[in-house]
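Chemist: The numbering used here puts the first residue of the sequence shown at 19, with every later residue one more than the last. Where is the CB? At the ideal position from N, CA and C, for every residue including glycine. The structure displayed is predicted, hence computed values, not measured ones.
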Amino acid sequence: MRNSIKTILDLKKVRRNIVCLTAYTYPVAQILDEHADILLVGDSLGMVIYGFDSTLPVTLEMMINHAKAVVKGSNKALVVVDMPFGSYQEDKGKAFPAAVRIMKETGAQAVKLEGGEEMAKTIEFLVKRGVPVMAHIGLRPQYFNTSGGYMVEGKTDASKKQLLADLEAVQRAGAFAVVVEGVTKKAADEICKKAKIPVIGIGASDKCDGQVLVIDDLIGLTEKNPKFAPKYAEVRKVVSQAVKKFSTDVRTKKFPKENNLYS
19 MRNSIKTILD LKKVRRNIVC LTAYTYPVAQ ILDEHADILL VGDSLGMVIY GFDSTLPVTL
79 EMMINHAKAV VKGSNKALVV VDMPFGSYQE DKGKAFPAAV RIMKETGAQA VKLEGGEEMA
139 KTIEFLVKRG VPVMAHIGLR PQYFNTSGGY MVEGKTDASK KQLLADLEAV QRAGAFAVVV
199 EGVTKKAADE ICKKAKIPVI GIGASDKCDG QVLVIDDLIG LTEKNPKFAP KYAEVRKVVS
259 QAVKKFSTDV RTKKFPKENN LYS
């Protein structure tokens, strides 16, 4: 049986840490589904799948296509889909059809959008119309140009105050959970104390109700990881070694062997 919003809320109640991982494809979703509580179809796919410099070029169609694959490849995890840049910021009324498209066309259970106080009305509008929303505060990749890059939040009193105001706003608006990214531990700890909904950290605090990482970082597909993302495997090296051996076998006529051929 697939996890529901209630499942995630109950995990916070019983203080069992929530495992969230990004997934973009059918086979990876199959593997992660056994271990993750939430699969996030993140707009980070723009960088790790498509090679963009940021998440900004990602389209709604890209998100929908990858979310379809992840939903099909999973049976247990709650599937949350990022709303891409430009699909929800202009107007809450325009955000609704984009969110509905995601949910109807993919079968996902929720959407995620970036923003705090400024997005509270949009979150409330969606939730009241049957669209569960995961919020995202702190470092927000879609705000890359206006923030001057990927900047850690919570270093100043003003920043800490804004983070708490953002938390309060998205909670009041009805978000079922909130991702807190790229925030000083002290500020993140304070957020965790005040939060009534599950806090999913990424570069935040060990006191968060759960943690999320980009799967490509976790398994070592990316060359260089951010500080908050340790490599639990070196898949890039494994793939490179396998391809190197295959290439050598082909060039030296060691592949294919007799048992690889049909009689």
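Residues in the same chain with beta-carbon distance under 8 Å from Y280, minus the five sequence neighbours each way, listed in chain order, please.
Modeler: As a first step, residue 280 is located in the sequence shown; it is residue number 262 there, counting from the start. Within the same chain, Y280 has no close Cβ partners at all.
Chemist: Tell me the DSSP secondary structure of G228 in three-state form.
Modeler: Along the sequence shown, read from residue 1 onward, the residue named residue 228 stands at position 210. Residue state, collapsed to three classes: strand.
Chemist: DSSP has D100 in a bridge; who is on the other side?
Modeler: Translated into the one-based positions of the sequence shown, residue 100 becomes position 82. DSSP output for D100 lists K130 as bridge partner(s).
Chemist: By how many angstroms is the C-alpha of M80 removed from the C-alpha of R20?
Modeler: Position 2 of the sequence shown holds residue 20. Position 62 of the sequence shown holds residue 80. Roughly 24 Å separates the two Cα atoms.
Chemist: Report the rounded CA-to-CA distance for K24 versus P216, giving the unit in angstroms.
Modeler: Residue 24 sits at position 6 when you count from the first residue of the sequence shown. Residue 216 sits at position 198 when you count from the first residue of the sequence shown. Straight-line Cα distance between these residues: approximately 11 Å.
Chemist: Which stretch, first to last residue, makes up the alpha helix (DSSP H) that contains V268?
Modeler: Translated into positions along the sequence shown, residue 268 becomes position 250. Its alpha helix (DSSP H) spans residues V253 to R269.
Chemist: For the alpha helix (DSSP H) that I78 lies in, which residues bound it at each end?
Modeler: The sequence position of residue 78 within the sequence shown is 60, counting from 1. Checking the displayed sequence, the identity of residue 78 turns out to be Leu instead of Ile. Where L78 is concerned, the enclosing alpha helix (DSSP H) stretches over L78 to G91.
Chemist: Quick one: is Q259 buried, meaning 16 or more other Cβ sit within 10 Å of its Cβ, or exposed?
Modeler: The residue labelled residue 259 in the question sits at position 241 within the sequence shown. Exposed.
Chemist: Could you check what DSSP says for T25 in three-state terms: helix, strand or coil?
Modeler: Along the sequence shown, one-based indexing puts residue 25 at 7. In the structure shown, T25 adopts helical secondary structure according to DSSP, grouped into three states.
Chemist: Give a yes or no on contact between the segment 154-169 and the segment 55-75, applying the rule of three or more CB pairs nearer than 8 Å.
Modeler: yes
Chemist: DSSP beta-bridge partners for C38?
Modeler: Your numbering for residue 38 matches position 20 in the sequence shown. In DSSP, C38 forms a bridge with I56 and V230.
Chemist: Taking the beta strand (DSSP E) that V145 belongs to, which residues open and close that run?
Modeler: The sequence position of residue 145 within the sequence shown is 127, counting from 1. It is not in any beta strand (DSSP E) - V145 instead sits in the alpha helix (DSSP H) that spans A138 to K146.
Chemist: How would you label G265, buried or exposed, when you count the other beta carbons within 10 angstroms and need 16 or more for buried?
Modeler: For the purposes of this step, residue 265 is taken as residue 247 along the sequence shown, with counting starting at 1. For the sequence presented, residue 265 should be read as Ser rather than Gly. Counting Cβ neighbours within 10 Å, S265 comes out exposed, since fewer than 16 surround it.
Chemist: Buried or exposed: which applies to E252, given that a residue is buried once 16 or more other Cβ atoms fall within 10 Å of its Cβ?
Modeler: As a first step, residue 252 must be located in the sequence shown, where it is residue number 234. Counting Cβ neighbours within 10 Å, E252 comes out exposed, since fewer than 16 surround it.
Chemist: Can you tell which of Y68, E241, I141 and D235 has the C-alpha that lies nearest to the C-alpha of G192?
Modeler: Stepping through the sequence shown from its first residue, residue 192 is reached at position 174. That would be I141, whose Cα lies nearest to the Cα of G192.
Chemist: V268: buried (16+ other C-beta within 10 angstroms of its C-beta) or exposed?
Modeler: Residue numbering aside, residue 268 sits at position 250 when the sequence shown is read from its first letter. Burial call: exposed.
Chemist: First and last residue of the beta strand (DSSP E) that includes I155?
Modeler: Counting from one through the sequence shown, the residue named residue 155 turns up at place 137. Residues V151 to G156.
Chemist: Comparing alpha-carbon positions, which option in A183, K214, T174 and H154 lies nearest D61?
Modeler: Counting from one through the sequence shown, the residue named residue 61 turns up at place 43. With distances taken between Cα atoms, D61 lies closest to H154.
Chemist: Under a Cβ-count criterion, where at least 16 other Cβ atoms within 10 Å of its own Cβ denotes burial, should T40 be classed as buried or exposed?
Modeler: Position 22 of the sequence shown, counting from 1, holds the residue named residue 40. Under a 10 Å Cβ-count criterion, T40 is classified as buried, with 16 or more other Cβ atoms of the shown protein chains found around its own Cβ.
Chemist: In whole angstroms, what is the alpha-carbon distance linking I233 and V201?
Modeler: Mapped onto the sequence shown, residue 233 falls at position 215. Mapped onto the sequence shown, residue 201 falls at position 183. One C-alpha to the other measures close to 20 Å.
Chemist: In terms of residues, what are the limits of the beta strand (DSSP E) holding I218?
Modeler: By 1-based counting over the sequence shown, the position of residue 218 is 200. Unbroken beta strand (DSSP E) run through I218: V217 to I220.
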